[in-house]
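Chains X and Z, in that order, give the protein sequences.
Sequential numbering of the first sequence, starting at 13, is according to our numbering.
Sequential numbering of the second sequence, starting at 2, is according to our numbering.
The structure appears right after this line, and notes come after that.
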Amino acid sequence: MLHVTINGRPHEVAPGQSILAALRSTADTVPTLCDDPRLAPIGNCRLCLVEIEGQPHPVAACTTLLSDGAKILTHTPQLEKLRRTQLRLLALHYPADALASVPQSDFHRLLQVYGLENDLAGQARPELVDDSHPCIHVDMARCIHCMRCVRICNEVAGRFVWRAWNRGDRTEIRPAGGVILRDSDCVSCGACVDTCPSNALQDKTVSPPVAASREIRTVCSYCGTGCELHVGTRDNRLVSARPVLDAPVNKGHLCVKGRYGWDFVHAPDRVTQPMIRTGDDWKVVTWNDAAEFVGQRLRQIIDGHGPDAVGILGSARATNEENYLAQKFARVVVGSNNVDCCARVCHAPTAAGMKLMLGTGAATNSFDDIELARTIMVCGANPTENHPIVGDRIKQAALRGAELIVIDPRRIDLAEHARLHLQLRPGTNVPLLNAMAHTIVTEGLFDAAVVPEHIEGWDEFQHFIADRSPERAADICGVDAEAIRQAARIYATRRPAMCFHGLGVTEHIQGTEGVMCLVNLALLTGNIGRPGAGINPLRGQNNVQGAAHMGCDPGLLTGSAPVGEHRPRFEAAWKSPIPSRPGLNLMQMMDAARHGAFKALWAIGYDIALTNPNAADTLEALRSLDLLVVQDLFLNETARLAATVFLPACSSFEKDGTFMNSERRVQRVRKAIEPMGESLNDWEIVVRIAQVMGEGDRFSYRCAEDIWNEIREVWPAGAGITYRRLDIAGLQWPCPTEDHPGTSVLHTGIFSGDNRVRLRQVEFSPTPERTSDEFPLLLVTGRALYQFNAGTMSNRSRTALLQPVDVLRISPADAERFGIEDGQPVRVRSRYGEITVGARLSHDVRTGDLYATFQSPEVFVNRITSRNRDHYVQTPEYKVTAVRIEPIESL
Amino acid sequence: MTYAHDRSDVESFYSLAGVDLSKVHCQGTACFVARHRNSSRWREAASQSPPVYCLGKCYAAPATSEDQSRPRIEVRSRVPVVLERIVKGGAPTLDAYLRGGGLAGLHAALTRKPGEIIDELEASELKGRGGAGFSTGAKWRVAARQESPEKHVVANLDEGDPGAYIDRFIAEDDPYCLIEGMVIAARAVGAARGWIYARCEYPQAIQSLTRAIEAARAGELLGPRIAGTDFSFDIELIVGRGSYECGEETALLNSIEGQRPVARARPPYVAEQGLWSMPTVVNNAETLANVPWILRHGAEEYRSLGIPGSRGTKVVSLNSLFRRPGLYEVEFGVPLREIVEDLGGGLRSGTLRGLLVGGPLAGIVPPDLLGTLFGFDELRAIGASVGHGGLIAFDENTSIAEVVRHVFAFGAYESCGNCTPCRLGAPRIEAIFASIVAGQSGTHLQEIEWRDITAALKLASLCGLGVGLAEFAESVDRHYAQELRPCFT
C-alpha cells in the first residue's frame, strides 16, 4: 500500500492506480469531464488538476500515477480558479437553453457549482443538429470536446463511427465518412450517449424526454450474454436503460437491444387480460374463468387421452423460478415428462454433445476469459450482431493482438478483424473441424501433457483422423486447405485458445456432431480446464440456459439430472410420483399432434408457429390440438393462428426472479414497474392453474425467492446461490455451498491423475438438403443486430425503426445472375413452400448462399425451411435450405 | 458501405494537405513584423487561404515561396560545429560529406559500446535545440534502458517556429549529417527504425533528404549491416501536411502513426512509450547534427565551447529587419546585444521595439535587456528561452497589441484543440486583441480574462504550444506593462 496525504489527511491506497482513482477511493473528488472509467485517460479537459508538493506545476490526476509519499492538494484557490476559467471558456460556447435539457448532465452540474449559469453564450447551430437516427439525437452545438464519444466508440464498441474533424476551436465531432448518423456504421449501442457529459448526444427513448424518477438494476431481456442494466422508470413506465458500470459481463456497455429495445413493454398491442377464443373471436374473461377453463380442459384431456397427450413449453424469457415451476407442473400435475423449451431449436446439440464428452452441457469458461485468451476461434456465430457485448469484447481483444479465427459462411464483422476467415459452405462444419484435428494430430501440435496419457483410445482416433486431411476437406467445405492448416496451427499453438460457437454449429443435422468435433479440438490441444480457453456456446436468449437447466427438457430434471437416475430424489422432494416414461420433445410433440396422439399444448412465451421450421407442418400440428394455451405478452402468431386460450404474462421488467446466462451465471432480475393491466408473473399463472387442478399444496409460494429456495434443495450445484448473495453479485454454478465463490472455469482437473477422456470419431453424413438445378441456392436463416428471433420484443420497440422487416441478403454476383436489384421483392421457393421478401445486396454472403432473418409474420421465412433434424436431439436444420429465387416486377 | 477505414477525418486536421505550395505567401511572424516592407505582398499573404505560417525564409520577409535567395551564413563561434560544411556550400553527395569529415563520428561510435556513446553525449552536456532544452544524453539513456523488441529514433524536422530556419538548411545542405546523427542515436539506444518528419513547407529539404536517404542506403550508411557491422537501421521520410502542432513530439508521433496529431498527456514520456507505445527517441534536427561532431572530436572539446549550463554552439536565425539577416553559428554565452548589433548589424531602419527569441511562443526581450547572455538559464531568468534560435526583431511599425494579436491568432490557428485552455483560450485572447487593434478599448473584464486565460495556458495546457503562448503573454505583461495598460481601460 502507498502512504499518501490528501488535503492534509493521511491515507493508505492501493498502488498502481491514477491519482484520480485514488481520490475517488478516498472520496476527495475533483471535477472532471473527459474521464470515464471505461476509457483510457487522455487528460484533455484539464479540470482534474491537482497540486503535488514539490512539483512546479499542477498535474492532471487522471493521467498521473500515484506515487508513495505524495502530498496532494485538490482544491487550492489556484486550482479552483483554473477550473473556473476553463469551465467559463466552455460556457461561453454552450447554448443557454441546453441547460434545461434532460437528463441533467455532469457539465450542467459543474456550471452550477462554479456559478457559471449566466455565462452561457453559445448559439444554436442548426447545421450541427442530426436527428436522423431513431434512437440518438445529436446536437454538437453542445459539444465540449471531451472526446468521450469518439473514444468509447473506438475503445469499447469498436465501431470507429465518431470522429474528430478539423482542429483547434474548429474541431467538430461527426461520423466517419462525414455522413449523417443514420447512414454511418453506427450499431446504435448508445455508448456515446451514455458517456456524453454535456447532452450533445441524447437518447430519444421517450418523447418528450423525461428524467427517470427511479432506477432499478436488472438483467437484459434479450440474448444470453446476461448484461445488467439500470432501468429508469417514471409513473410506472420505463423511460430509460443505462449500462451498469460494474456489471461482470457488460462492464458498462450495452447493445442496441438492451439500451433501446425495451418499449415493447408499453406496446399498444400488449394484451393484458385473459381471453378465450370463440370461433374467430377472442372473448375477454376473468382470471378465474381462464384458469378454470384451462384446468378443466387439461383434466378432461388427461382423463380421456392420458397425461402424455399433454405437453408444456417453458420459456427462455421467463425466469429460472418460472421454468422450474413449468416442468414441475408437467411432471407433478399433468404426470408427464412432455416438457421442453426453445433450447430444442437452438443449443440442445451443445448441451447433449458437451454433456456426453465432458459431463456438463454448458460453457466451460467465462466471458472474462476473452481478455486472457491468446487465440479466439468463433465458429458459426456472429457475436457483434447477436451477442454484441461479447462480440465487442472479442473485437477489442483482437485489436489488442489476440489471434482471431472466424469459421462462418458469412463475412461477419469479426472476420474483418480476424487473422483467418474460413468461409465454408453451409453444412460442412464436421469435415472442416475434422481436418483441423487431422492437422493437429499429424503435425504433432497436440498438447504433449494430454496426448496420449489422458486420451482413451488414442490409436483408434489417430487411425480415424489420418485420412481426414485438409486437402480432402477443401473441396467439401469450399475452403483453402492451407487456411484450414493455419487455423489448426494457431488454435493449437497460440494458447490459451478460446472457442465460441453458435447456432451455425448446432442447427444442422450434424449439430451435436459438430459440437463434438469442437470438443475434440479443445481436448487434443489442452484447451479445456484452463483460463482463457474452453468450449463456449453463445446462448441465444437471456434464460435459455436456465430454462433447460431448470428441467424444461423431456429427459432431464432440474440441474440437468437425467430422469431415470434422479427420479427418486425429486419424488421425495416433491412428495409426488414422477413418470418414468420418457417425454416428448417439442419436435416430437408436433409430430404426435399431427398424428393425433397429442392433444394439448401450453406454450409459455414461445411463438412456435413463426419460429418452428416448415410452417405447414407446424400449423397442421397446432391446428390438430384440442387445447392450445398461449401465455405471452402479445397475441403472437401461434395465438393468432391456432390458440384456444390466451393468458397475459408480464415482462421481466415487471417481475422478480433470476436468469442464467451463457456462462452459467445466475443473476437477479428485479421488478422495475408493476405488471401492466391484469398481466401476471408466469409463475403466478402456473400456480393458479395448479390450484384449479387441485395441486395447490405443492405449488404454494409467496414469492420468487420461495421457489428459488426449493430449487436450491433439488439442485446441489446451485445450493450455495442465495438471493442474499445474488443481491450483491451474480454467481456461476457449480456453487454448492453458501461460502463457495462460484466457478468460472469448469473441468480444471480433467487432465490430472489417471483421468482419461475419449475423443469422438465423428463421421460426416451430409445433409440430404442439396442444391439442384431447380433449387440452386442455399438459404441460411438467423438473427440480425436489430432483429431478435420472432421479433416479439425487437419488432415492437424503438429498434424496429432501424430495420422494420426481414430482408433476404444476396451476393451481388447472384443478384446479377438472377436479375435482382437491391430492394426488389423476390419470390423464394424451396421444396417446402414459398415466400416473398425484399432483397438486399450484401458482400457478406458467399455467392450461392442467401441469408434471412425470420421475425416478420408478413414474410414468414419458416414457410420454406426444411424437415431435417439433428441426428441426436432433433434440433431443426435451419441453416441449410435449398431454394430458387426470382424477382417480382412489382407487388 | 463501411467507413471504418476512411481517414478523411484525420486528413482534415492538416491545413496544407494537397495544397500547391509553389506560389504562396508567408504570414509567419517574421513576415508579419516586416509587412511594411512589402505591404501588397503582405496583404496577399494575410488574405490567402489556407494561410501559410513560415516558409523558413525569414531573412527575406515578407517572403514568398518563389523567392530562391539564400541567406547570409556565417560561423562566429571559435570552431564550426553545425555549419562546418554548410558555410562552405554544403555536402550534396555522400562523397562530399565524407570529404568534409562526415562519418568520422559514426566510425568512432561503432568502435564503442552503446552505453559508452551515451556517456560521451552526457559528458558533452548537449541539450535539445528544439525548444525544451532537455539533456540529449539523459533522453537516450532512458530509451536505452527500456526493454522492448523494437525502438525508434525520430528526427523532428518540423521546424514550424516562425523565425527559425536552421533545420531547413541542415536538411537541404547537409542531410548526411542528420542521417549520421540518427544512426549514432539508433546505435546508442538499440533502435532499428528511424523516421524523419519534415514539413511540407520545405520542398527542397524534402528533395534533398529523399536523395540522401537513397544514397545512404546504397552507401551502407542505412539498411542492414551498416558500415560492415551487424547493426542495421533504416529511415523513412514522412512529409508533414501543414500543422505547427506536429512539431510537438507527441503530436508528431500520432501523425506518423496515422492518428489525429493531437498532443498526448505525459507521462508516459516518449522515450518510454512513443511510436506505437514503443521506446522512441525524438530529437530536433539541429540536435542530431551536433552528435557526429561530438563523437568525432570528443565531449571535452565540445564542452569547451559555450558556458556552464549551455555548452557548444547554436545557430541563430535573424529576420529581415536586421541589416544583415541570416544564419550565424555562435557559442552560447554571447550577449544578445552582440548578436543584434555586431552580427545583425542592428535594424535596417527604425528602432528596436523588441526581440522575439526562440519563436513567437516564448518571451519577448525588450531592448533594455539586450545585455542578457544567450544561454538556456540566462534567457529563462528573464522569461524568454533559446527555443529554436530564431531571433525576430520588430520595430515601431508594430505595436505590442498587434504582436499579441498576431501571436495568438497563430496559436489559435495551430492549436490541436485537444485541451480546453488552448482550444478556447487562445482564440478568446486573439478576439480581445483584434478589437483592441481595431481601435476599441479593452474592458476591465477582458483584462481579467487575459490574465486568467494566461494562467490557465501556463498551468493547465497539455503541451508546449499553450505553455509557450502563456510565456509570451507573461513577458508582455512583465516587460511591456506601459504599452499594455492603455489597451484596457
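No residue lacks a Cβ here, since even glycine has one placed at the ideal position from N, Cα and C.
For Lys152 (chain Z) and Phe232 (chain Z), the gap between their C-alpha atoms comes out near 14 angstroms.
No residue range can be given for Ser233 (chain Z), since it is assigned to no beta strand (DSSP E) and is classified by DSSP as neither H nor E. For Glu160 (chain Z), the secondary structure class from DSSP, reduced to helix, strand or coil, is coil.
Using a Cβ distance threshold of 7 angstroms, Gly191 (chain Z) and Gly248 (chain Z) do not count as a contacting pair.
Chain Z has no Cβ within less than 7 angstroms of the Cβ of Asn166 (chain X). Residues Val114 of the same chain have their beta carbon placed closer than 6 angstroms to that of Pro221 (chain X), with the five preceding and five following residues left out of the count.
Using a CB distance cut-off of 7 angstroms, Leu107 (chain Z) does not count as an interface residue toward chain X. DSSP places Lys93 (chain X) inside the alpha helix (DSSP H), whose first and last residues are 89-103.
His69 (chain X) has a beta carbon lying within less than 7 angstroms of a beta carbon in chain Z.
In terms of Cα proximity to Arg77 (chain Z), the closest of Z:Leu306, Z:Glu403, Z:Leu127 is Z:Leu306.
When secondary structure is reduced to three states using DSSP, Leu241 (chain X) falls in the strand class. Shown here for Gly310 (chain Z): same chain residues with a beta carbon closer than 7 angstroms to its own, the five before and five after excluded, namely Gly376, Phe377, Asp378 in chain order.
Excluding its 5 nearest sequence neighbours in each direction, Arg226 (chain X) has C-beta neighbours in its own chain below 6 angstroms: Thr245, listed in chain order. Ranked by Cα distance from Val698 (chain X), the options X:Cys715, X:Gly689, X:Glu686 are led by X:Cys715.
Note that the C-beta distance between Leu45 (chain X) and Leu59 (chain X) is below 7 angstroms. Given a length threshold of 4 residues, each whole run of the alpha helix (DSSP H) inside the segment 197-256 of chain X is given here in chain order: 203-207. Counting only the Cα atoms, Ala112 (chain X) lies some 12 angstroms from Gln124 (chain X). Within chain X, Thr97, Leu101 have C-beta atoms less than 8 angstroms from the C-beta of Ile454 (chain Z), given in sequence order.
Contact of Pro428 (chain Z) with chain X is assigned, a C-beta pair being separated by under 7 angstroms.
Per the C-alpha coordinates, the member of X:Ala609, X:Thr804, X:Lys587 positioned closest to Asn648 (chain X) is X:Thr804.
Per the Cβ contact rule, the segment 488-495 of chain X is not in contact with the segment 510-522 of chain X (fewer than 3 Cβ pairs under 8 angstroms). Here Ser200 (chain X) is not near Ser756 (chain X), since their CB atoms are 7 angstroms or more apart. Check the Cα spacing between Ala654 (chain X) and each of X:Arg677, X:Ala621, X:Ile156: the tightest is with X:Ala621. Neighbours of His105 (chain X) in chain Z, taken as residues whose beta carbon is under 9 angstroms from its own, are Leu425 in chain order. Between Trp277 (chain Z) and Ile239 (chain Z), the gap from beta carbon to beta carbon reaches 7 angstroms or more. Residue state for Glu12 (chain Z) is assigned as helix, using DSSP reduced to three classes. Excluding its 5 nearest sequence neighbours in each direction, Asp459 (chain X) has C-beta neighbours in its own chain below 6 angstroms: Thr537, Gly538, listed in chain order.
At least 7 angstroms separates the CB of Thr734 (chain X) from every CB of chain Z. Sorting X:Asp142, X:Trp720, X:Arg21 by C-alpha distance to the C-alpha of Thr86 (chain X) places X:Arg21 at the top. The segment 417-424 of chain Z and the segment 257-264 of chain Z touch, with no fewer than 3 CB-CB distances between them shorter than 8 angstroms. Assignment of Lys315 (chain Z) by DSSP, reduced to helix, strand and coil, places it in the strand class. Going by C-alpha positions, Thr760 (chain X) is about 11 angstroms away from Ala545 (chain X). A Cβ-Cβ distance of about 19 angstroms is found for the pair Leu17 (chain Z) and Pro63 (chain Z), leaving them out of contact under the 8 angstroms criterion. For the pair Ala52 (chain X) and Ile64 (chain X), the CB atoms are not nearer than the 7 angstroms cut-off.
With fewer than 16 other CB atoms across the displayed protein chains lying within 10 angstroms of its CB, Ala39 (chain X) is exposed. With respect to Ala363 (chain Z), Gly388 (chain Z) sits close: the two C-beta atoms are nearer than 7 angstroms.
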